[in-house]
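Undergrad: The sequence shown begins at 1 in UniProt numbering and counts up by one.
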Amino acid sequence: FSFELLYVINAVTHLLVRFLTTEVKLQLSHAGWYSSLVFALSIVGKVTFGAALDSPHRRLAGLTCCTLVALGGALTLRIARGPDGGLTLEAADGHPQLLMFATCFGLGYGGCFTLSQSRAARLYGHTDSFSQLQSVLAVAQYLGSFCGVVVTSSLQERSGSFCGAFALFPLLGMAMCMHTLRMFPSRSPRPSPHGARGPCGEPGDLAGGA
Numbered sequence: 001f002s003f004e005l006l007y008v009i010n011a012v013t014h015l016l017v018r019f020l021t022t023e024v025k026l027q028l029s030h031a032g033w034y035s036s037l038v039f040a041l042s043i044v045g046k047v048t049f050g051a052a053l054d055s056p057h058r059r060l061a062g063l064t065c066c067t068l069v070a071l072g073g074a075l076t077l078r079i080a081r082g083p084d085g086g087l088t089l090e091a092a093d094g095h096p097q098l099l100m101f102a103t104c105f106g107l108g109y110g111g112c113f114t115l116s117q118s119r120a121a122r123l124y125g126h127t128d129s130f131s132q133l134q135s136v137l138a139v140a141q142y143l144g145s146f147c148g149v150v151v152t153s154s155l156q157e158r159s160g161s162f163c164g165a166f167a168l169f170p171l172l173g174m175a176m177c178m179h180t181l182r183m184f185p186s187r188s189p190r191p192s193p194h195g196a197r198g199p200c201g202e203p204g205d206l207a208g209g210a
């Protein structure tokens, strides 16, 4: 989850202005405005989903923020007809679509970042090996950040367009949704005769992984 999230986040945040100026043909000032809007909405997402992830509806909140990341990634592109009459992927066209992208991706980015930081602590913060787990998660995040920028830039240079590279973002967002389902299992465990519960009072949470 951490690898996929940082892959998408860093690729978008580092290359968004370049994408908007070269592919969407926006002025640099307008491209910078959209980049700032994504960052501002990510703060709103952190606060909003941070509260939701502490509520009984935490599973729905986690799925929602991952879905927003996938939808935001998809909104960077549009389907158009090519010269041969077939369907091709092209960059987003028009401010309404870009506003929807910035809103979905910004809120989802903030929510997923909060989820990645809080879920492991909630599940494993009481264990002696939590510091080792944090190290593993940090390595996954750094690898995701590195691969996101390098792979996206390389694909753009090879094809001459960001469209193919950005098409990976909704797929990674859907993969994050699948991992979130594992982190928040819906099934309830059989009650034990002593009423034992899982860590932090959440039965079955450990089955979902971090």
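C-beta: ideal position from N, C-alpha, C; glycine also.
1) On the criterion of 16 or more Cβ atoms from any shown chain inside 10 Å, does R119 qualify as buried, or is it exposed?
2) Assuming Y109 contacts G50 under a Cβ cut-off of 8 angstroms, what Cβ separation, rounded to an integer in Å, is found between them?
3) Can you give the Cα-Cα distance for V8 and S131, rounded to whole angstroms?
4) Three or more C-beta pairs closer than 8 angstroms, one from the region 72 to 81 and one from the region 136 to 154: is that the case here?
5) Using 8 angstroms as the threshold, is the region 94 to 102 in touch with the region 162 to 180, meaning 3 or more CB pairs across them?
6) Tell me whether L5 sits in a helix, a strand or coil according to DSSP, three-state version.
7) Give the single residue among P83, T67, L77, S161 whose Cα lies nearest to the Cα of H179.
8) At what residues does the alpha helix (DSSP H) containing L75 begin and finish?
9) Counting beta carbon pairs with one atom in the region 100 to 107 and one in the region 30 to 48, are three or more of them shorter than 8 angstroms?
10) Nearest CA to the CA of F19: which residue from G164, L107, C177, D128?
11) Please go through the same chain and pick out, in chain order, the residues whose beta-carbon is closer than 8 angstroms to the beta-carbon of T22, but skip the five residues on each side of it.
12) Smallest Cα separation from S42: which of D54, V12, H30, L60?
13) Between the C-alpha atoms of T114 and A175, what's the straight-line distance to the nearest angstrom?
14) Drop a sphere of 10 angstroms on the beta-carbon of residue 218, count the other beta-carbons inside from all chains shown, and report buried for 16 or more, exposed for fewer.
15) Going straight from the alpha carbon of G135 to that of Q117, what length do you get?
16) F184: which of L60, L5, E90, Q27 sits nearest, CA to CA?
TA: Looking at the atomic coordinates:
1) buried
2) The pair is not a contact, with the Cβ atoms about 13 angstroms apart (cut-off 8 angstroms).
3) Distance between the alpha carbons of V8 and S131 is about 25 angstroms.
4) no
5) no
6) If DSSP states are grouped into helix, strand and coil, L5 belongs with the helices.
7) T67
8) Premise fails: L75 is in no alpha helix (DSSP H) and is neither H nor E.
9) With the cut-off at 8 angstroms, the region 30 to 48 and the region 100 to 107 touch.
10) Closest option to F19, judged by alpha-carbon separation, among G164, L107, C177, D128: G164.
11) F162
12) The residue with the shortest Cα to Cα distance from S42 is V12.
13) Cα to Cα, T114 sits roughly 17 angstroms from A175.
14) This structure cannot settle anything about residue 218, because the visible part of the chain is limited to 1 through 210.
15) According to the sequence provided, residue 135 is Ser. The question's Gly does not apply to it. If you take the alpha carbons of S135 and Q117, they lie about 12 angstroms apart.
16) L60
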